[in-house]
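Below is one structure, written out as structure tokens, with a few remarks after it.
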Amino acid sequence: GENVEQHPSTLSVQEGDSAVIKCTYSDSASNYFPWYKQELGKRPQLIIDIRSNVGEKKDQRIAVTLNKTAKHFSLHITETQPEDSAVYFCAASPYTGTASKLTFGTGTRLQVTL
Amino acid sequence: NAGVMQNPRHLVRRRGQEARLRCSPMKGHSHVYWYRQLPEEGLKFMVYLQKENIIDESGMPKERFSAEFPKEGPSILRIQQVVRGDSAAYFCASSPQQTNEKLFFGSGTQLSVL
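Here you go:
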């Protein structure tokens, strides 16, 4: 099965700085890579996703890059703000068209300090 | 359009009791997924269901755990004879019929076993 590793487990940055979270996956069949943000006590929410036919995707201050050859993908948050503080999970899935099963990383706790 | 609804929000059970967790998917969604989240860990896939069918239960413990998604009513995750190790947050997610890679999570049920 798929194995997703995520680093770092905790990350502290100053407001305005950039944050980078990295994930690797093992199954070359995986072709869908979402990122979820989970604030304390809240539900995980999808913030951005990328498919294997795309190398990079950006949405305002958030960007995700994918290197299929190396089997790794990264989340980049620029100009961090206190409200970015949360746990971020990467995930990988083979999209079969009839079913999907996400395998999640273990999460990165991001703390944005003033 | 209401989101994914889970209840109860918190559930306390004594060892040996049964726990029933309910999940109503978003309107129009016919795919339901259950995930378990242990403290400081990522989301672990348990089971994937469509109406009246279990599609993938590879993440479910072989004993004491069962899930259903009847034709009418919510999906139910049932844990019999709970043990302290079952204490966790259980999240339900749903996805639409047409595309099923984007998951919409409920707020979760925090199960505490005394």
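Listed in order, the protein sequences are those of chains A and B.
Using our numbering, you'd call the opening residue of the first sequence number 472 and step up by one each time.
Using our numbering, you'd call the opening residue of the second sequence number 3 and step up by one each time.
No residue lacks a Cβ here, since even glycine has one placed at the ideal position from N, Cα and C.
Helix, strand or coil for residue i? Go by DSSP, reduced to three states.
i	result
Arg522 (chain A)	strand
Phe11 (chain B)	Just to set this straight, residue 11 (chain B) is Arg in the shown sequence, not Phe. It is coil, neither helix nor strand.
Arg24 (chain B)	strand
Glu527 (chain A)	strand
Pro553 (chain A)	helix
Asp58 (chain B)	strand
Arg80 (chain B)	strand
Arg86 (chain B)	helix
Asn538 (chain A)	strand
Should residue i be labelled buried (16 or more other beta-carbon atoms within 10 Å of its own) or exposed?
i	result
Lys508 (chain A)	buried
Lys572 (chain A)	buried
His12 (chain B)	exposed
Arg86 (chain B)	exposed
Ala4 (chain B)	exposed
Thr569 (chain A)	Confidence at Thr569 (chain A) is low in this model, with a pLDDT of 46, below 50, so its placement is unreliable and the value that follows should be read with caution. So Thr569 (chain A) counts as exposed.
Ala500 (chain A)	exposed
Thr540 (chain A)	exposed
Gln531 (chain A)	exposed
Counting only C-beta atoms, is residue i closer than 8 Å to chain B at any point?
i	result
Leu511 (chain A)	no
Thr574 (chain A)	yes
Leu517 (chain A)	yes
Ala570 (chain A)	In this prediction, Ala570 (chain A) scores a pLDDT of 45, lower than 50, which makes its location untrustworthy; the coordinate-derived value is nonetheless stated afterwards. So yes, Ala570 (chain A) belongs to the interface.
Confirm, please, whether the CB-CB distance from residue j to residue i is below 8 Å.
i	j	result
Ile518 (chain A)	Ile533 (chain A)	yes
His547 (chain A)	Val491 (chain A)	yes
Pro565 (chain A)	Leu585 (chain A)	no
Phe93 (chain B)	Gln39 (chain B)	yes
Ser497 (chain A)	Asn474 (chain A)	yes
Ser480 (chain A)	Thr577 (chain A)	yes
Thr574 (chain A)	Lys542 (chain A)	no
Met28 (chain B)	Met48 (chain B)	no
Strictly under 8 Å for the Cβ-Cβ distance: is residue i near chain A by that measure?
i	result
Ser109 (chain B)	yes
Glu184 (chain B)	In the structure displayed, chain B extends from 3 to 116; residue 184 (chain B) sits before or after that span and is not available.
Just list the residues that DSSP pairs residue i with in beta bridges.
i	result
Ala490 (chain A)	A:Ile548
Thr111 (chain B)	B:Tyr92
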